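Per the working numbering, the first sequence starts with residue 13, numbered consecutively. Just so it is clear, CB atoms sit at the ideal spot from N, CA and C, and this is done for glycine as well. Please read these numbers as outputs of a predicted model, since none were measured by experiment. The structure appears right after this line, and notes come after that.
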Amino acid sequence: MLEQKLQEAISKAFASLYDYQLNSDQIGLHPTRKEFEGSYTFVVFPYLKVAKGKPEEVGAQIGEWLKENLDFIKAFNVVKGFLNLEVTDQSWTKELHTIAVDESYIKLPANGQKVMVEFSSPNTNKPLHLGHLRNNFLGDSASRILAANGYDVKKVNLVNDRGVHICKSMLAYQKMGNGETPESSGLKGDHLIGKYYVKFDQLYKEEINTLVHQGLDPEKAKKEAPSIKEAQEMLQKWENGDKETVELWETMNNWVYEGFDKTYETMGIHFDTMYKESNTYLLGKELVEEGLKKGVFFKKENGSVWVDLTDEGMDEKLVLRADGTAVYMTQDMGTCDMKHQDFPFDKSVFVVGNEQDYHFKVLFAIMKKIGRTYAEGLYHLSYGMVDLPTGKMKSREGTVVDADDLLQEMFDTAERHTKELGKIEGMEPSEAQELYRMLGLGALKYFLLKVDPKKRMLFNPQESIEFQGHTGPFVQYTHARISAILRRAKSLEVDTSFDTEKVGDLSKREVDLIYKITEYKKALQEAAKELSPAIIAQYVYDLAKEYNGFYQEVPIFNEENKDKLGFRIALSSVTAKLIKESMSLLGIEVPERM
RNA sequence: GGUUGCAUAGCUCAACUGGAUAGAGCAGCUGCCUUCUAAGCAGCAGGUUCGGGGUUCGAGUCCCUGUGCAAUCACCA
């Protein structure tokens, strides 16, 4: 709020000093760099033409005006064209007081807008892996960030439960399964199915090799291998509703769902609605008809239907096969319509990897072309791949980091660290277990979310997951630390209210901490605008870091001035509240002790 | 080959959208636990921001160009 007041004042200063109209919301203020005195910095270079003076003079003029007209400006200094403004300690104290008593500070009011977020979207032929984790954490966190910004959010999962790739694992199971079940094998359902997906691929590759050995062209061999043909036949049977095939499909998919449910539960991720492609893959054909009528699509001689996007810098794109069957695009067009009917959104976010950038560019262009007004609100939250030191992950080749394994490893590591540090004394076993879960999950989620979603990232299983430094557990630790202070304050019956007039001078640490606290809303809004949990992750790390500095240098319970003591407790309490809320925006819980 | 994106400390990432001497963490080195939790704090060291041009008061950020990496360009999803 200080920042806003400053912007308005600078606008007035320009009117008064230079008779120039400058909108307060286009005035950029920066945090003053550590090596200079002050909290806010205003850069005057862009306005030299208006002010008609040298940078130092203009800076001094504005600084002088602000000091005279604002009671919260203590001093200013001008270095080159940078006007650094110092705020009075009492204003900072008041600022904190306002925030401390404002229950609504952590959330923005409802804005009446609906947004649907689709994420996770797994295939039912293999277990989740590290790449899915980034997707899930991103989608979940983005949803929470939007909700905190006042949106009405619906989280949906569109499961890819049909297609030739699903038939592959079904076929392998039929051939080699011997009636194996999750119970008989002791394997989680999704892992059991994943095993057969790999088996199929092995068989398929052997067949190709044999054919190539017999002198067949490799490209032809890929199409001629008996197993792939069988899989395609199986898909035909499935689409025709063949009883035996559909039953096998249902049985196997249900095993997978049971497995997924456990993983989602472990990750703490839930959806409002589950869509299945087996129910949606036929949608969209009507839209093709509609597009043809509107002249947006055209038919080629063989009967296939296309859209021409060359005038928008894209290609011609197929929307319906010659045999009248749907392709991916057909289905997604239909799904857009269905989603909008189910939940008339203003925005619809698709959390999907950047390998599908082109697909979504085309999809959105098509929806606009056929006149869907909601198409303006369609947004592809495109994130970068997670690479391993060995390169790209490939399910079929077994070079993936399995989600369940990784989660378990995280819990084990958390347990080991906690025990090594002797932190579980006096803790109930159940409390300790809960702590390991919180820390392991926190470390993993934080690691995957702190990087800008758009960028691809590297995951090194040996080194990536730390519990010290710029990590989830560091932030969680800070929260536990503050909780200990608040418990002690409570047991000592400290009065946490304080008179802002009587708190007196603040240390640099206290000012810096309050400054960071006042930046929370900016971070929250920015994160929603960019759909980037990384902004929240960076913010909460900076906040925790700042608090730890304060904690180290400023004693709390030694303070004799009652208002100062109350103020410091309140400062701690507000920090804890913001840490908890920020972390919850990332889908991470924070402990009371650790 | 066309298109899109990326390239910042030994490693993993920031840099408030064009602002001051480019910041954190890890790894390395040095201090701080009879005082509120040392999963912490303070400090040292580490950079031609891939190369080359340009735009301007000012460029890691914008434009051009070269190099390298990735994704995509299926009647797959």
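Local Cβ density within 10 Å of Glu-289, reported as buried at 16 or more and exposed below that
Here the question's residue 289 lines up with position 277 in the first sequence. Flag for Glu-289 reads buried.
Cβ pair Glu-107, Thr-530 closer than 8 Å:
Against the first sequence, residue 107 aligns to sequence position 95. Against the first sequence, residue 530 aligns to sequence position 518. Yes; because the gap between Cβ atoms is below 8 Å, this pair is in contact.
Cβ of Glu-475 within 7 Å of any heavy atom in the ligand FAD?
This structure lacks the ligand FAD, and indeed carries no ligand of any kind.
Short check: CB of Lys-311 to CB of Leu-321, under 8 Å?
Stepping through the first sequence from its first residue, residue 311 is reached at position 299. Stepping through the first sequence from its first residue, residue 321 is reached at position 309. Cβ distance not < 8 Å, so Lys-311 and Leu-321 don't count as in contact.
Can you tell me whether Leu-470 is buried or exposed? The criterion is at least 16 other CB atoms within 10 Å of its CB, across all chains shown.
Numbered from 1 along the first sequence, position 458 holds the residue referred to as residue 470. With fewer than 16 Cβ atoms within 10 Å of its Cβ, Leu-470 is classed as exposed.
If we require 4 or more residues per run, which alpha helix (DSSP H) segments fall completely within the segment 171-195?
You should have 176-188.
Please classify Met-188 as buried or exposed, where buried requires at least 16 other C-beta atoms within 10 Å of its C-beta.
Counted from its first residue, the first sequence places residue 188 at position 176. With fewer than 16 Cβ atoms within 10 Å of its Cβ, Met-188 is classed as exposed.
From what residue to what residue does the beta strand (DSSP E) around Ser-394 run?
Translated into the one-based positions of the first sequence, residue 394 becomes position 382. 390-395 is the extent of the beta strand (DSSP E) around Ser-394.
How many whole angstroms separate the CB atoms of Phe-272 and Pro-134, which I take to be in contact at a CB cut-off of 8 Å?
On the first sequence, position 260 is the one that residue 272 refers to. On the first sequence, position 122 is the one that residue 134 refers to. 7 Å between Cβ atoms; contact.
For Ser-23, report the span of its beta strand (DSSP E) as first-last.
Here residue 23 refers to the residue found at position 11 when the first sequence is read from its first residue. Bounds of any beta strand (DSSP E) do not take in Ser-23; it lies within the alpha helix (DSSP H) bounded by 14-30.
Counted within 10 angstroms of its Cβ, other Cβ atoms place Glu-593 as buried (16 or more) or exposed:
Position 581 of the first sequence, counting from 1, holds the residue named residue 593. Here Glu-593 is buried: its Cβ has 16 or more other Cβ atoms, across all protein chains shown, within 10 Å.
Determine the direct distance from the alpha carbon of Leu-120 to that of Tyr-52, and round the result to whole angstroms.
Along the first sequence, one-based indexing puts residue 52 at 40. Along the first sequence, one-based indexing puts residue 120 at 108. Tyr-52 and Leu-120 have their C-alpha atoms spaced approximately 25 Å apart.
Rounded C-alpha distance that separates Glu-446 from Leu-597:
Counting from 1 along the first sequence, the entry for residue 446 is found at position 434. Counting from 1 along the first sequence, the entry for residue 597 is found at position 585. Answer to the nearest angstrom: the Cα atoms are 20 Å apart.
Under 8 Å, do Leu-461 and Ser-153 count as touching if we go by C-beta distance?
By one-based count along the first sequence, residue 461 stands at place 449. By one-based count along the first sequence, residue 153 stands at place 141. Going by C-beta atoms, Leu-461 is nearer than 8 Å to Ser-153.
Apply the 10 Å Cβ neighbour rule to Glu-130 and answer buried if 16 or more other Cβ atoms are within range, or exposed otherwise.
Position 118 of the first sequence, counted from the first residue, corresponds to residue 130. A residue is called buried once 16 or more other Cβ atoms fall within 10 Å of its Cβ, and Glu-130 is buried on that count.
Taking the DSSP output, what are the residues bridged to Glu-604?
Along the first sequence, read from residue 1 onward, the residue named residue 604 stands at position 592. DSSP lists no partner for Glu-604.
My output table needs one value for Lys-541: the three-state DSSP class, helix, strand or coil.
For the purposes of this step, residue 541 is taken as the residue at position 529 of the first sequence. Of the three classes helix, strand and coil, the one that applies to Lys-541 here is helix, per DSSP.
State the beta-bridge partners of Asn-96 as determined by DSSP.
The sequence position of residue 96 within the first sequence is 84, counting from 1. Asn-96 is bridged to Thr-53, Asn-89.
Supposed contact pair Leu-555 and Thr-512 - C-beta distance, whole angstroms, cut 8 Å:
Here residue 512 refers to the residue found at position 500 when the first sequence is read from its first residue. Here residue 555 refers to the residue found at position 543 when the first sequence is read from its first residue. Thr-512 to Leu-555, Cβ: 22 Å. No contact.
Figure out for me which residue from Pro-356, Gly-346, Leu-295, Asp-424 has the closest Cα to the Cα of Leu-453.
In the first sequence, residue 453 corresponds to position 441, counting from 1. Per the Cα distances, Asp-424.
Would you mind working out which of Ser-360, Gly-40, Thr-490, Glu-475 sits nearest Met-128, comparing C-alpha positions?
Your numbering for residue 128 matches position 116 in the first sequence. Of the candidates Ser-360, Gly-40, Thr-490, Glu-475, Ser-360 places its Cα closest to the Cα of Met-128.
From which residue to which residue does the alpha helix (DSSP H) around Gly-365 run?
Within the first sequence, the letter at position 353 stands for residue 365. Unbroken run through Gly-365 is the beta strand (DSSP E), 359-365; no alpha helix (DSSP H).
Leaving out the 5 sequence neighbours to the left and right, which residues in its chain are closer than 6 Å to Ser-584 when beta-carbon positions are compared?
Working through the first sequence from its first residue, we reach residue 584 at position 572. So the qualifying residues of the chain are Ile-494, Ile-497.
Three-way DSSP call (helix, strand, coil) for Gly-271 in this model:
Here residue 271 refers to the residue found at position 259 of the first sequence. In the structure shown, Gly-271 adopts helical secondary structure according to DSSP, grouped into three states.
Rank Gly-50, Val-70, Pro-58 by C-alpha distance to the C-alpha of Ala-87 and give the top, closest one.
Locating residue 87 in the first sequence gives position 75, where the first residue counts as 1. For the set Gly-50, Val-70, Pro-58, the Cα lying nearest the Cα of Ala-87 is the one of Gly-50.
Residues of its chain near Asn-161, where Cβ-Cβ distance is below 6 Å and the 5 sequence neighbours each way are ignored:
What you label residue 161 is simply residue 149 of the first sequence in a count that begins at 1. Correct list, in chain order: Leu-120, Ala-540.
So who's on the other strand from Glu-251, going by DSSP bridges?
Counting from 1 along the first sequence, the entry for residue 251 is found at position 239. The partner list for Glu-251 (beta bridge, DSSP) is empty, contrary to what the question assumes.
Alpha-carbon to alpha-carbon, Asp-524 and Pro-43
Position 31 of the first sequence, counted from the first residue, corresponds to residue 43. Position 512 of the first sequence, counted from the first residue, corresponds to residue 524. Looking at the two C-alpha atoms, the distance is approximately 10 Å.
By Cβ distance below 7 Å, which residues in the same chain neighbour Glu-324 in space, the five residues on each side in sequence not counted?
In the first sequence, counting from the first residue as 1, residue 324 sits at position 312. For Glu-324, where only same-chain residues beyond five positions count, the Cβ hits under 7 Å are Ala-377.
Looking only at C-alpha atoms, which of Met-279, Leu-95, Tyr-395, Thr-257 sits nearest to Gly-365?
For this step, residue 365 is matched to residue 353 along the first sequence. Comparing Cα-Cα distances from Gly-365 to each of Met-279, Leu-95, Tyr-395, Thr-257, the minimum goes to Tyr-395.
I believe Val-6 touches Ser-181 by the beta-carbon criterion, under 8 Å. Please report the beta-carbon distance rounded to the nearest angstrom.
Within the shown structure, residues of the chain are numbered from 13 to 606, placing residue 6 beyond reach of any answer.
Going by other Cβ atoms of all chains shown within 10 Å of its Cβ, with 16 needed for buried, is Leu-456 buried or exposed?
By 1-based counting over the first sequence, the position of residue 456 is 444. Buried: at least 16 other Cβ atoms inside 10 Å.
Could you say which of Gln-38, Gly-516, Leu-260 lies nearest to Asp-173 if we only look at CA atoms?
Sequence index remark: in the first sequence, residue 173 carries index 161 (1-based). Nearest in C-alpha terms to Asp-173, of all of Gln-38, Gly-516, Leu-260, is Leu-260.
Report back the beta-carbon spacing between Leu-183 and Ala-243 to the nearest angstrom; my notes put them in contact at under 8 Å.
Position 171 of the first sequence, counted from the first residue, corresponds to residue 183. Position 231 of the first sequence, counted from the first residue, corresponds to residue 243. With a beta-carbon spacing of about 5 Å, Leu-183 and Ala-243 fall inside the 8 Å limit used to define contacts.
Is it a yes or a no for the segment 235-250 touching the segment 205-225, going by three-plus beta-carbon pairs under 8 Å?
Output reads yes: the segment 205-225 touches the segment 235-250.
Contained beta strand (DSSP E) runs [length at least 3] in the segment 98-182, N- to C-terminal order:
Correct list: 126-130, 164-171.
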